[in-house]
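Read through the structure below, which is laid out as structure tokens, and then see the notes.
Residue numbers (this note's numbering), protein chains in the order written: chain A, 1 to 111; chain B, 112 to 224.
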């Protein structure tokens, strides 16, 4: 079973719409990293969250780590074609010494 | 700085053939990783290294070997390729302890027929 669960696994939205991707763990998260991957390319670091309740924004992307530090959400406002790609969350989970990754969310933006 | 580079970008192998994937980083990072990415599975750690001359097994090490003879290079070897090893392989590196942020290469798409 996946230690980090991402939902949804696939998402198709119309350009201009808002969307949310979730990353959930059954254990406490110590450091949550969001990455974006475009087809044929490597992973690009987006944001890191460490403290419960922390929220960070970059352009139209906002990520939050809930108070209990077991879930993070990534919210995109007014989506654009440039937002299309695969979004992965990576986290240091209680008891682990390395990053573990979710299975990814494939985002498609329709014009 | 080139960051993390991977060679080759694409490769097709026949079952039983061998090959080596090369990862190079110019950031003087201590830690290096090899992952494979499969649909619906996310990234799974194959092997990693915490410094020159060291290697350790990750989540899915079977069928792979690695070497870290130089700090800047991390090699992933497939001795006898199998169709189950068809995947996209990513290399990553990070400076050392104190951060878990990893820097990724562009990936190698490997197909085993």
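Every residue, glycine too, gets a C-beta built ideally from N, C-alpha and C.
Where residue i falls: helix, strand or coil (DSSP)
i: residue 73/A; result: strand
i: residue 7/A; result: strand
i: residue 196/B; result: helix
i: residue 79/A; result: coil
i: residue 219/B; result: strand
i: residue 128/B; result: coil
i: residue 84/A; result: coil
i: residue 149/B; result: strand
i: residue 104/A; result: coil
i: residue 90/A; result: strand
i: residue 188/B; result: strand
For residue i: DSSP bridge partner residues
i: residue 142/B; result: 205/B
i: residue 47/A; result: 34/A
i: residue 118/B; result: 133/B
i: residue 58/A; result: 61/A
i: residue 110/A; result: 14/A
i: residue 167/B; result: 159/B
i: residue 53/A; result: According to DSSP, residue 53/A bridges with nothing at all.
i: residue 224/B; result: Per DSSP, none; premise fails for residue 224/B.
Candidates the options, of which the one nearest residue i by Cα
i: residue 90/A; options: 50/A, 108/A and 15/A; result: 50/A
i: residue 210/B; options: 37/A, 65/A and 33/A; result: 33/A
i: residue 8/A; options: 15/A, 14/A and 19/A; result: 19/A
i: residue 153/B; options: 28/A, 68/A, 99/A and 80/A; result: 99/A
i: residue 162/B; options: 216/B, 204/B, 223/B and 196/B; result: 204/B
i: residue 180/B; options: 124/B, 135/B and 129/B; result: 135/B
i: residue 118/B; options: 182/B, 187/B and 129/B; result: 187/B
i: residue 104/A; options: 22/A, 68/A, 78/A and 17/A; result: 22/A
i: residue 101/A; options: 35/A, 55/A, 14/A and 15/A; result: 35/A
i: residue 84/A; options: 17/A, 3/A, 4/A and 5/A; result: 17/A
i: residue 151/B; options: 28/A, 111/A and 87/A; result: 87/A
i: residue 71/A; options: 4/A, 24/A and 11/A; result: 24/A
i: residue 198/B; options: 217/B, 212/B, 215/B and 223/B; result: 223/B
Between the CA atoms of residue j and residue i - distance to the nearest angstrom
i: residue 73/A; j: residue 127/B; result: 43 Å
i: residue 230/B; j: residue 158/B; result: In the structure as shown, chain B begins at 112 and stops at 224. Residue 230/B is therefore absent and cannot be evaluated.
i: residue 174/B; j: residue 60/A; result: 42 Å
i: residue 177/B; j: residue 185/B; result: 7 Å
i: residue 143/B; j: residue 201/B; result: 11 Å
Within chain A, partners of residue i - CB distance below 7 Å
i: residue 213/B; result: 99
Under 7 Å by beta carbon: chain B residues contacting residue i
i: residue 48/A; result: 212
i: residue 104/A; result: 153
Residue i: contacting residues in chain B (beta-carbon distance under 8 Å)
i: residue 88/A; result: 153 and 154
i: residue 9/A; result: 151
Under 9 Å by beta carbon: chain A residues contacting residue i
i: residue 185/B; result: In chain order: nothing, as chain A lies at least about 15 Å away.
i: residue 217/B; result: 40, 41 and 42
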